[in-house]
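Enquirer: Heads up, this note's numbering is the position in the sequence shown plus 8, with the first residue counted as 1. The beta carbon of each residue, even a glycine, is placed where N, CA and C say it ideally should be. All values reported here derive from a predicted model rather than from experimental measurement. To start, I am sharing the structure in question, which I have written as structure tokens.
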Amino acid sequence: MSPHRPLTADDGFTYIGVLILIAIIGLVSTSTLYVGKIQQRRAAEEELLNIGMEFRQALIAYANSTPFGFSRSPSSLQDLLKDPRFPNPRRYLRKLYIDPMTGKAEWATVRTIDGRGIIGVHSLSAEKPVKIGNFPAELAALGNRSAYRDWKFMVPDEMQLNPAGLDLPEDASLANPGKAGN
9 MSPHRPLTAD DGFTYIGVLI LIAIIGLVST STLYVGKIQQ RRAAEEELLN IGMEFRQALI
69 AYANSTPFGF SRSPSSLQDL LKDPRFPNPR RYLRKLYIDP MTGKAEWATV RTIDGRGIIG
129 VHSLSAEKPV KIGNFPAELA ALGNRSAYRD WKFMVPDEMQ LNPAGLDLPE DASLANPGKA
189 GN
């Protein structure tokens, strides 16, 4: 027979103490993973904002360099890589960026009213953003959106009004000749 020591009340408390310690370690580990995930999402959001601004600036540059009679909006995102309106290469983007929220080089586009040109891009991600406010002035419209796909990086409104690149008359009587002098 092997000698056994009789169980005491201290033995039960030690066991319960070890179980509580394991539970605390598990909770701390879980919360650390959650905080890490949030920090990773914030970094991806910051990258999305930077890439979105790159697209926005490229669309503005494309519109500003439009020759007379051509569309001010590219028909595809590839046109931002090499502008087909000019014989010599003009590039507004170096590459089509990967969407940091989806991990793919796929972007949804916002089209002109006639559907022929692109005036904005946005992510395809339906995830809820961490950042909901405190955007730069040109991106103020991104505040309080429910998904990343609602963060639309658009050319300014005044550039959307004249998609064909035509010079429009400023005088209302020239714009509506039937109403002149009435």
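At what residues does the beta strand (DSSP E) containing Ala116 begin and finish?
Expert: Segment Ala116 to Arg119, the beta strand (DSSP E) holding Ala116.
Enquirer: Would the segment 78-98 count as touching the segment 146-160 if we require 3 or more Cβ pairs under 8 Å?
Expert: Counting Cβ pairs under 8 Å, fewer than three are found: no touch.
Enquirer: Sorted by chain position, which residues of the same chain lie with C-beta nearer than 6 Å to Lys139's C-beta, five sequence neighbours on each side aside?
Expert: Excluding positions up to five away in sequence, the list reads Glu53.
Enquirer: State the start and end residues of the unbroken beta strand (DSSP E) segment that holds Val129.
Expert: Its beta strand (DSSP E) spans residues Ile126 to His130.
Enquirer: Comparing C-alpha positions only, which one of Gly125, Ile126, Ala116 and Ile121 sits nearest to Ser133?
Expert: Of the listed residues, the one whose Cα sits closest to Ser133 is Ala116.
Enquirer: Tell me Met61's beta-bridge partners as DSSP assigns them.
Expert: Per DSSP, none; premise fails for Met61.
Enquirer: Which whole-angstrom value describes the C-beta separation of Ile121 and Val163, a residue pair presumed to lie in contact below a C-beta threshold of 8 Å?
Expert: Not quite, the Cβ-Cβ distance comes to about 13 Å (not below 8 Å), so this is no contact.
Enquirer: So is Lys160 buried or exposed if we call it buried at 16+ other beta carbons inside 10 Å?
Expert: Answer is buried; the Cβ neighbour count reaches 16.
Enquirer: Can you name the residues that DSSP bridges to Met162?
Expert: Met162 is bridged to Gly128.
Enquirer: What did DSSP end up calling Tyr156 once you bin it into helix, strand or coil?
Expert: It is helical.
Enquirer: Please report the distance separating the alpha-carbon of Pro82 from that of Gly125.
Expert: Taking the straight line joining both Cα atoms gives about 5 Å.
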